[in-house]
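For reference, the structure discussed in these notes is given below.
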């Protein structure tokens with residue numbers, strides 16, 4: 025059997041090496057548009073910030089592919105799939121036949137339509153070549169457009185390199201998709217304490233400069249700078265699938281087995297549209313742990329088992345300097361267009377903050393900063409198990425904290441955390 | 326290769342003396358500093374008793390998947406440990422852990438978890454230190470849940486079949 029994998033990211037690599045680990049004798053080929061062995065995009069900001077050497081970002085070495093008998097075709101960007109002849113064509117004109125095809129080519133940086141975005145000094149921070157360019161770029165004043173997880177991490181990395189950094193966010197608070205304004209406001213103040221300026225509710229109009237970047241103009245001010253980092257989000261790569269006649273929505277549509285609408289073609293990773301494992305709603309959490317789990321399901325299906333994917337988990341952390349925060353499940357904003365009673369449990373102690381979103385008696389999401397974040401796992405567990413908060417309250421009222429054996433310690437810790445007694 | 330073992334926690338027996346924390350930090354850092362311990366005794370709310378918390382080395386460990394630096398790895402012994410050279414101290418492993426088990430090292434902010442005393446003689450040290458209370462037990466892999474089930478069933482026996490009651494079917 026010939027297995028062809030498009031994309032050498034987290035998902036693609038996991039499928040290829042997972043097949044080998046399971047003892048598959050299939051002929052495995054990976055088509056990579058890039059020129060390196062598999063690396064971890066999550067680790068790029070730490071390489072950029074000088075916290076780890078460049079070699080640490082790699083998840084595999086060249087010899088790993090050789091040892092596993094996996095053919096890695098670098099610089100081969102897939103441009104078309106011909107499902108009839110079971111063949112993928114690349115930009116170089118070569119054709120790669122397959123028996124099973126795995127689409128794991130991820131997404132690409134969303135480049136906003138801003139005038140001057142093609143000037144020298146405007147970089148992404150999504151792929152290794154972006155980070156390499158930024159590493160060589162000797163600037164001193166940077167503007168980061170977008171304040172998602174990548175934007176904040178890039179801002180921290182540049183700050184550590186000695187840049188003066190300004191983050192611009194068009195929404196009213198930083199990390200808008202991950203945190204509620206109450207949590208994000210606290211994070212913003214901490215970001216500013218670290219010397220990073222964060223401008224929210226502000227729109228970038230154009231990037232000025234003759235050839236190289238000289239300033240970023242927003243609807244409120246002009247910020248002189250020599251470096252611009254785009255952290256404006258990731259768009260799932262659907263064109264390759266769409267042109268082949270595969271069903272696509274926001275991402276590539278797949279069934280429970282992660283097979284696309286064309287038999288024999290699977291998809292996993294950032295390019296896939298999937299469901300939230302907790303709510304069953306359509307979701308696209310482009311996060312590493314989901315890519316890995318999807319890749320493992322695809323691997324098992326390629327091996328002939330019938331594995332189904334339960335859905336993606338929303339879990340992310342935000343970390344800069346000595347600030348540690350975590351978010352899971354839905355934000356308040358994401359629950360606002362739904363029916364149901366909403367209860368927000370908030371706790372604050374010094375700089376630490378906890379916010380738990382309870383809908384219809386079940387935890388649906390939450391955010392925490394500092395010490396409260398250390399216990400996030402208990403809250404996440406309760407969310408995944410759909411534990412009833414009123415039932416927890418009733419049990420605590422009836423049994424108190426009692427000695428061992430009355431309630432599991434995790435439940436009691438949870439009750440303590442939510443201060444639900446009585 | 327070190328023998329594979331697991332550490333079973335019998336929380337009911339924990340008195341909160343924290344000798345395990347001292348033994349762990351002595352074994353791993355050569356200093357009796359509980360804040361460097363990889364096992365942590367959690368005090369539950371008022372008179373709720375104590376629970377020794379340590380990495381369970383989950384079979385499908387979520388920390389392995391969320392670490393941005395791929396610093397969480399499964400060792401030969403079956404333990405899941407943090408590679409200190411790769412860890413950047415983001416605490417993702419701590420946040421995703423259902424027990425909140427990873428400890429944050431005070432000197433560099435990196436996480437550390439129980440390595441089952443990989444190659445220390447007389448190990449695991451926490452188990453040795455807990456001899457008097459017996460809240461920690463070194464068992465073979467897979468044995469912990471079996472023993473937990475057996476003990477739970479034994480605890481239920483007097484409730485389900487009080488002394489002097491007739492046996493089912495007799």
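Chains as they are written, first to last, in the numbering used here: chain A, 25 to 446; chain B, 326 to 495.
Note that beta-carbon positions come from the ideal geometry of N, C-alpha and C, so glycine has one too.
Not one beta carbon of chain B lies nearer than 8 Å to the beta carbon of residue 45 of chain A. Burial check for residue 376 of chain B: the Cβ neighbour count within 10 Å reaches 16 or more, so the residue is buried. Any Cβ of chain B closer than 8 Å to the Cβ of residue 67 of chain A would place that residue at the interface, and such an atom is present. By DSSP's assignment, residue 121 of chain A forms a beta bridge with A/111. The beta-bridge partner set that DSSP reports for residue 484 of chain B is empty. Residues of the same chain with a CB within less than 7 Å of the CB of residue 340 of chain A, apart from the 5 flanking positions on each side, are 173, 202, 311 and 351 in chain order. A distance of 8 Å or more separates the beta carbons of residue 328 of chain A and residue 33 of chain A. For residue 412 of chain B, the closest of B/388, B/370 and B/342 by C-alpha to C-alpha distance is B/388. With contact defined as three or more Cβ pairs closer than 8 Å, the stretch 172 to 188 of chain A and the stretch 82 to 97 of chain A are not in contact. Taking the beta carbon of residue 415 of chain B as reference, the chain A residues within 7 Å of it are 341 and 343, listed in sequence order. For residue 246 of chain A, the enclosing beta strand (DSSP E) starts and ends at 246 to 248.
Between residue 247 of chain A and residue 253 of chain A, the gap from beta carbon to beta carbon reaches 8 Å or more. A distance below 8 Å between beta-carbons, with the five flanking residues on each side excluded, links residue 427 of chain B to the following residues of its chain, in chain order: 380, 388, 407, 416, 418, 419, 436, 437 and 438. Contact holds between the stretch 398 to 418 of chain A and the stretch 381 to 389 of chain A, because three or more Cβ pairs, one in each stretch, are under 8 Å apart.
Annotated three-state conformation of residue 229 of chain A is strand, per DSSP.
In terms of beta-carbon proximity, residue 417 of chain A stays away from the interface with chain B, with every pair separated by 8 Å or more.
Counting along the chain, residue 102 of chain A sits inside no alpha helix (DSSP H); it lies in the beta strand (DSSP E) bounded by residues 102 to 106. In this structure the stretch 178 to 185 of chain A does not lie against the stretch 357 to 367 of chain A, because fewer than three pairs of beta carbons, one per stretch, are closer than 8 Å.
Scanning the stretch 456 to 484 of chain B from its first residue to its last, the whole beta strand (DSSP E) runs of 3-plus residues come out as 461 to 464. Apart from sequence neighbours up to five positions away, the residues of its chain that approach residue 335 of chain B with a beta-carbon distance below 6 Å are 460, ordered along the chain.
Here the alpha carbon of residue 433 of chain A sits roughly 21 Å from the alpha carbon of residue 452 of chain B. With distances taken between CA atoms, residue 366 of chain A lies nearest to A/379 out of A/223, A/315, A/379 and A/375. Close CB contacts of residue 394 of chain B within its chain, under the 7 Å cut and outside five residues either way in sequence, are with 411, 412 and 413 (chain order).
For the pair of segments examined, the stretch 61 to 75 of chain A was found to touch the stretch 144 to 157 of chain A: the number of CB pairs separated by less than 8 Å reaches three. If only complete runs of 3 or more residues are kept, the stretch 27 to 111 of chain A shows the beta strand (DSSP E) at 51 to 55, 94 to 97 and 102 to 106, in order along the chain. Scanning chain A for C-beta atoms nearer than 7 Å to the C-beta of residue 422 of chain B yields 401, reported in chain order. Less than 8 Å divides the Cβ of residue 342 of chain A from the Cβ of residue 199 of chain A. Residue 376 of chain B reaches chain A at 433, counting residues in chain order whose Cβ is nearer than 8 Å. Secondary structure at residue 372 of chain B: coil, using DSSP grouped into helix, strand and coil.
The beta carbons of residue 95 of chain A and residue 53 of chain A sit closer together than 8 Å. The way I'd put it, the stretch 262 to 279 of chain A doesn't touch the stretch 161 to 170 of chain A; fewer than three beta-carbon pairs between them come closer than 8 Å. Using beta-carbon distances, residue 120 of chain A does not count as an interface residue toward chain B, since no partner is under 8 Å. A distance below 6 Å between beta-carbons, with the five flanking residues on each side excluded, links residue 348 of chain B to the following residues of its chain, in chain order: 450, 451 and 454. A distance below 8 Å separates the beta carbons of residue 336 of chain A and residue 301 of chain A. A contact between stretches requires three or more CB pairs, one per stretch, nearer than 8 Å, and the stretch 104 to 120 of chain A fails this requirement with the stretch 221 to 232 of chain A.
The continuous stretches of alpha helix (DSSP H) do not include residue 298 of chain A, which lies in the beta strand (DSSP E) extending over residues 296 to 299.
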